Ligand SMILES: NC(=O)c1ccc[n+]([C@@H]2O[C@H](COP(=O)([O-])OP(=O)(O)OC[C@H]3O[C@@H](n4cnc5c(N)ncnc54)[C@H](O)[C@@H]3O)[C@@H](O)[C@H]2O)c1
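In the working numbering, the protein residues as written are 184 to 620.
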């Protein structure tokens with residue numbers, strides 16, 4: 184099938200590369216010239232495991248092309264995906280300007296019978312706006328579909344190739360067989376391709392992210408109760424997670440959720456509720472609890488050292504909002520760094536892949552970057568773990584001990600065991616479990 188993907192970011196690139204891998208002729212378009220230049224040279228501008236090999240192979244075998252010519256790209260596809268960003272606007276609602284801008288471009292370059300698929304996460308009702316915008320420019324017949332994306336950064340290729348489900352919101356049965364042909368290779372093992380009305384598909388994406396965010400905020404609040412009452416949140420997690428009605432995923436207490444999806448999607452869903460006169464009060468608290476949680480590590484540090492951190496140096500492990508990605512959008516590390524610097528402290532940070540992104544955010548003007556995790560501990564008054572990268576899980580404590588000024592660890596991801604830290608002679612502050620002083 185001839186497929187066009189507009190927007191070549193975290194989602195668009197994965198969609199384009201995976202659809203090319205299954206034999207489609209794919210053109211990926213983006214207005215970011217430097218991104219497209221890199222991609223045409225076979226370089227992937229983001230860190231996503233496995234994506235570089237997929238792009239290289241499909242580019243080399245001629246099934247994948249990259250262009251900044253969005254008009255021509257639209258003309259290529261029988262199926263056109265909209266995969267541009269929907270960042271929060273000033274009020275927190277999803278900003279649809281990029282989506283509707285692309286819809287206009289699609290309208291101006293429409294071919295008869297085209298299937299337009301919104302992949303971007305958009306509020307319920309957006310498909311109607313996309314249709315209206317396209318119709319301003321063309322009288323040709325076309326179909327609008329909503330196909331929300333559930334991939335996780337860091338495991339995006341696997342999630343797209345072997346999805347738990349594919350959700351397709353459709354206006355009529357006409358595009359159904361084409362969608363079955365397109366997505367069929369990814370659901371061969373029997374996971375469902377679920378057709379539904381468009382409003383339900385649009386809402387499904389927000390509902391999924393809001394539910395996952397709620398689990399995290401629930402566990403984070405429970406962690407505070409564990410700390411206050413002498414319980415251990417990691418034991419409580421095991422105790423409830425083995426109940427199949429609850430399940431084990433997304434029950435980890437920590438330094439708060441971040442990233443490009445949960446924070447913005449929870450806020451956008453609250454505002455959609457407001458728009459329809461429905462108070463999603465649960466989600467207001469999910470969001471507020473997470474905002475508080477992102478300040479937890481800073482509060483713990485100040486609880487130990489006092490509000491004035493002048494002359495103190497802090498080593499940070501992890502900048503990305505989660506492991507296996509370089510994405511720093513709304514990362515808890517940013518909140519922590521602001522708090523430490525604001526109180527007069529200095530920071531040296533390590534991240535296996537996100538340091539380049541951090542430099543682009545101008546973080547390098549305020550923060551030193553370490554070449555490895557051990558350098559981040561040198562002369563530090565405390566080490567603070569913010570992202571649970573694999574390489575941080577079993578460190579050489581003897582080596583760390585020999586370089587730190589004080590043997591103090593704040594663990595925002597509960598990577599270590601209190602008994603181990605006691606044995607190694609460290610002060611240790613995890614989340615929702617026994618502290619070692
Ligand atoms: N990142 C994720 O894990 C994830 C997962 C599921 C869904 N989503 C949703 O997918 C959408 C895209 O997210 P992302 O993380 O890939 O964003 P991104 O910012 O990484 O990429 C968006 C791309 O769109 C391009 N773009 C903007 N306007 C354009 C235009 N008019 N024409 C062509 N290209 C244009 C930008 O230059 C950018 O490269 C969002 O709605 C997001 O909520 C993201």
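Quick reminder that beta carbons are idealized off the backbone N, C-alpha and C, glycines included. Please read all numbers here as calculations on a predicted model, not as lab measurements.
Specify whether the stretch 412-429 and the stretch 237-252 touch according to this definition: at least 3 beta carbon pairs, one from each stretch, less than 8 Å apart.
-> no
For the beta strand (DSSP E) holding residue 642, just list the boundary residues, first then last.
-> Outside the shown range of the chain, which is 184 to 620, sits residue 642, and nothing can be said about it.
Work out the CA separation of residue 362 and residue 346 for me, nearest whole Å.
-> 15 Å
Jot down the residue ranges of each uninterrupted alpha helix (DSSP H) in the stretch 203-286, minimum 4 residues, whole runs only, in chain order.
-> 216-223, 234-243 and 253-259
If we count the other Cβ atoms within 10 Å of its Cβ and call it buried at 16 or more, is residue 374 buried or exposed?
-> exposed
Hey, is residue 299 close to ligand 1, as in C-beta under 6 Å from one of its heavy atoms?
-> no
Thinking residue 198 and residue 302 are a contact (beta carbons under 8 Å), I'd like their distance in whole angstroms, please.
-> 6 Å
Go through the stretch 322-377 residue by residue and report every complete run of the alpha helix (DSSP H) that reaches 4 residues or more, in order.
-> 339-344 and 359-366
Would you say the beta carbon of residue 211 comes nearer than 6 Å to a heavy atom of ligand 1?
-> no
With 16 as the cutoff for other CB atoms within 10 Å, does residue 381 come out buried or exposed?
-> buried
Consider the C-beta atom of residue 478 and the heavy atoms of ligand 1; say whether any pair is separated by less than 6 Å.
-> no
When you get a sec, list the residues whose CB is within less than 6 Å of any heavy atom of ligand 1, chain order please.
-> 189, 190, 191, 192, 193, 194, 195, 212, 213, 214, 215, 218, 253, 266, 267, 268, 269, 281, 284, 285, 303, 304, 332, 334, 336, 443 and 444
Three-state secondary structure (DSSP) of residue 393 = helix
Tell me which same chain residues have a C-beta within less than 7 Å of the C-beta of residue 378, skipping the five on either side of it?
-> 351, 353 and 359
Measuring alpha carbon to alpha carbon, tell me which of 244, 221 and 289 ends up nearest residue 189.
-> 289
Can you tell which of 186, 398, 215 and 284 has its C-alpha closest to the C-alpha of residue 258?
-> 186
Could you have a look at residue 407 and say whether DSSP puts it in helix, strand or coil?
-> helix
Three CB pairs or more closer than 8 Å across the stretch 450-468 and the stretch 383-400 = yes
DSSP three-state assignment for residue 419, whether helix, strand or coil | helix
Which runs of the beta strand (DSSP E) spanning at least 3 residues fall entirely within the stretch 287-317, listed in chain order?
-> 297-301
Does DSSP classify residue 573 as helix, strand or coil?
-> helix
Could you work out which residue in 207, 485, 555 and 524 is closest to residue 537 when comparing CA atoms only?
-> 555
From this set, 511, 502, 523 and 323, which residue's C-alpha is nearest residue 492's C-alpha?
-> 523
Element boundaries [beta strand (DSSP E), containing residue 529] = 529-533
Across which residues does DSSP place residue 188 in a beta bridge pair?
-> 211 and 264
Could you tell me whether any non-hydrogen atom of ligand 2 is closer than 6 Å to the CB of residue 617?
-> By its list of ligands, the structure shown excludes ligand 2, since it contains just ligand 1.
Residue 599 beta carbon less than 7 Å from that of residue 567 = no
If you check the beta carbons only, do residue 292 and residue 254 fall under 7 Å apart?
-> yes
For residue 471, the three-state DSSP class (helix, strand or coil) | helix
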